[in-house]
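Right, one structure below, let's go through it.
Okay, here's the thing in structure tokens:
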């Protein structure tokens, strides 16, 4: 049996009587005492703090093109300006998604790659194998802590604690700055649809930053349960649900994060798929009641089974169930009526546009 | 002597003459977490003891609710349609789900009283 890994904050989570559960090989807080809906609301209205230390961070040093990093992802790393970051994919030969990630261009010859926890070890091996011999590439996950303050008041809280240079960071840009005596990256990114930050800092500073951010009454901790509702309400894909090695970015409706002018493994497969047409495509739908669709429910159009759900849940901001799925392309057209089925339950749903919830502060 | 009884599936039932009022226990509500939907049974529905009466959903999971006794559904708590969170706020009082006209009062012998239920929960 493999033991669950723990973040530096495990003691803090236990003190707060968090409900802990396995996630991607880690023992993570799903919720604290207030519950998932209260944490979700706090993030939409004030500022929530998430322990995201489980995610993986890799550091690349060397010439981006000569070392091979340029041809690893579905976008050009060399074209990312210093101080900016980009979201995209690492694909297999068939165009399936090995992982989704954000690449941060730290300097001319330096990039940080941030990946999902459950896939981190595999990602590291795959990326390593695609780099040229001699490229400097290291897994800095254990030495790196990650805290995500997210919510409309997060800018005020973080600025009050860490200084005014935080307040002017635009969306998908970051600064490298001193945080509590350690070198940190403060990035204007997140996974909630709200204004927020991802702070990467030395692992040994994580508890200190956690405590100091939570001294501010505007900030409260939130667990992975709330995080999942928040990301689903704005339609963000979750690796392992909406993306995996059998799903291509085109099927997942994420073609916008694929740059066909750059070279990468899987590009040929994507071009063929684009030429022959998709056999299935992403659908987003609203349920006509408070019922929640969940992962792997069947999707029907009339008396025809057209696909499966990949994510689903209750959307507190909309007061109804929402979901994402993969269906025959003809069943993904806006406004089409679908039925979501599981055992003896069936829920009428309507295909709708993303994001489900449009009121977020993410770009404010 | 209390007239509240519990099932192994964590429903409670309050017996008043031949009318049984049904809900889920505080323990069950806490375990499920934030309740987002209660599917109430239709009045007139005939149910058998320990068979599915209705269903409940939380942020985390969907579960069936079983009838603690056999009978016919008389009335349901419509407030739960719009405010399912009552189940978290007051599981064993305000969040009653249905009343059932019992067909066999002797079935109560198959249920647990509070003391027995607390003991049963400790063993879980």
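Chains as they are written, first to last, in my numbering: chain A, 262 to 625; chain B, 17 to 140.
Beta carbons are placed, not taken as given, at the ideal position from N, Cα and C, and that holds for glycine.
For this session: Go ahead and label residue 580 of chain A buried or exposed: buried means 16 or more other beta carbons lie within 10 angstroms of its beta carbon, across all protein chains shown.
Result: Translated into positions along the first chain, residue 580 of chain A becomes position 319. Exposed: under 16 other Cβ atoms inside 10 Å.
For this session: Tell whether a beta-carbon distance below 7 Å holds between residue 461 of chain A and residue 420 of chain A.
Result: Within the first chain, residue 461 of chain A is the residue found at index 200, counting from 1. Within the first chain, residue 420 of chain A is the residue found at index 159, counting from 1. Their beta carbons are not under 7 Å apart, which means residue 461 of chain A does not touch residue 420 of chain A by this criterion.
Exercise. Would you say residue 494 of chain A and residue 618 of chain A are within 7 Å of each other, going by their C-beta atoms?
Worked result: In the first chain, counting from the first residue as 1, residue 494 of chain A sits at position 233. In the first chain, counting from the first residue as 1, residue 618 of chain A sits at position 357. Result yes, Cβ atoms of residue 494 of chain A and residue 618 of chain A sit closer than 7 Å.
Problem set entry | Partners in chain B for residue 551 of chain A, counting only beta-carbon separations shorter than 8 Å | As a position in the first chain, residue 551 of chain A is number 290, starting the count at 1. Chain B residues near residue 551 of chain A: 52, 53, 73, 100.
Exercise. Looking at chain B, which residues of the region 574-600 of chain A have a Cβ within less than 9 Å of any of its Cβ atoms?
Worked result: 574, 575, 577, 582
Exercise. Of all the options A:584, A:310, A:267, which has the alpha carbon lying nearest to the alpha carbon of residue 470 of chain A?
Worked result: Taking the first chain and counting its residues from 1, one reaches residue 470 of chain A at position 209. The residue with the shortest Cα to Cα distance from residue 470 of chain A is A:310.
Exercise. The beta strand (DSSP E) with residue 471 of chain A in it runs from where to where?
Worked result: Within the first chain, residue 471 of chain A is the residue found at index 210, counting from 1. That residue, residue 471 of chain A, is in no beta strand (DSSP E); its alpha helix (DSSP H) goes 467-476.
Exercise. Cα separation between residue 510 of chain A and residue 48 of chain B?
Worked result: The residue given as residue 510 of chain A occupies position 249 in the first chain. The residue given as residue 48 of chain B occupies position 32 in the second chain. Each residue's Cα considered, the two are about 35 Å apart.
Exercise. Using CA coordinates, which residue listed in A:524, A:590, A:325, A:271 is at the minimum distance from residue 352 of chain A?
Worked result: Indexing the first chain from 1 puts residue 352 of chain A at position 91. Answer by Cα proximity: A:524.
Exercise. Just reading off the alpha helix (DSSP H) that residue 208 of chain A is part of, what are its end residues?
Worked result: No answer is possible for residue 208 of chain A: it lies beyond the span of chain A, which begins at 262 and ends at 625.
Exercise. Comparing alpha-carbon positions, which option in B:38, B:58, B:86, B:68 lies nearest residue 113 of chain B?
Worked result: Residue numbering aside, residue 113 of chain B sits at position 97 when the second chain is read from its first letter. Ranking B:38, B:58, B:86, B:68 by Cα distance to residue 113 of chain B puts B:38 first.
Exercise. What residue from A:343, A:362, A:354, A:368 has the CA that sits closest to residue 317 of chain A's CA?
Worked result: Reading the first chain from its first residue, position 56 is the one you call residue 317 of chain A. When only C-alpha atoms are compared, the closest one is A:362.
Exercise. Out of curiosity, what's the CA-to-CA distance linking residue 322 of chain A and residue 397 of chain A?
Worked result: Numbered from 1 along the first chain, position 61 holds the residue referred to as residue 322 of chain A. Numbered from 1 along the first chain, position 136 holds the residue referred to as residue 397 of chain A. Distance between the alpha carbons of residue 322 of chain A and residue 397 of chain A is about 5 Å.
Exercise. If we ignore side chains and look at the alpha-carbon of each, how far apart do residue 121 of chain B and residue 544 of chain A end up?
Worked result: Taking the second chain and counting its residues from 1, the one referred to as residue 121 of chain B is at position 105. Taking the first chain and counting its residues from 1, the one referred to as residue 544 of chain A is at position 283. C-alpha separation (whole angstroms): 51 Å.
Problem set entry | Classification of residue 19 of chain B by the beta-carbon crowding that lies within 10 angstroms, buried from 16 upward | Locating residue 19 of chain B in the second chain gives position 3, counting from the first residue. So residue 19 of chain B counts as exposed.
Exercise. Using CA coordinates, which residue listed in B:34, B:33, B:44 is at the minimum distance from residue 22 of chain B?
Worked result: Within the second chain, numbered from 1, the residue matching residue 22 of chain B stands at position 6. The shortest Cα separation from residue 22 of chain B among B:34, B:33, B:44 belongs to B:44.
For this session: Below 9 Å between beta carbons is the criterion; list the residues of the region 276-307 of chain A that meet it against any residue of chain B, in chain order.
Result: 280, 291, 292, 296, 297, 298, 299, 301
For this session: May I ask you to report which of helix, strand or coil DSSP gives residue 602 of chain A?
Result: Here residue 602 of chain A refers to the residue found at position 341 of the first chain. Strand, per DSSP.
Problem set entry | Within chain B, the residues that residue 490 of chain A reaches when beta carbons sit closer than 8 Å | By 1-based counting over the first chain, the position of residue 490 of chain A is 229. Chain B residues near residue 490 of chain A: 75.
Exercise. With a cut-off of 8 Å, do at least 3 Cβ pairs link the region 553-562 of chain A to the region 465-481 of chain A?
Worked result: no
For this session: Pull out every residue of the region 463-491 of chain A whose Cβ sits closer than 8 Å to any Cβ of chain B, in chain order.
Result: Those residues of the region 463-491 of chain A placed with their C-beta closer than 8 Å to a C-beta in chain B are 486, 490, ordered along the chain.
For this session: Starting from the Cα of residue 507 of chain A, find the closest Cα among A:357, A:277, A:298, A:345 and give me that residue.
Result: Indexing the first chain from 1 puts residue 507 of chain A at position 246. That would be A:357, whose Cα lies nearest to the Cα of residue 507 of chain A.
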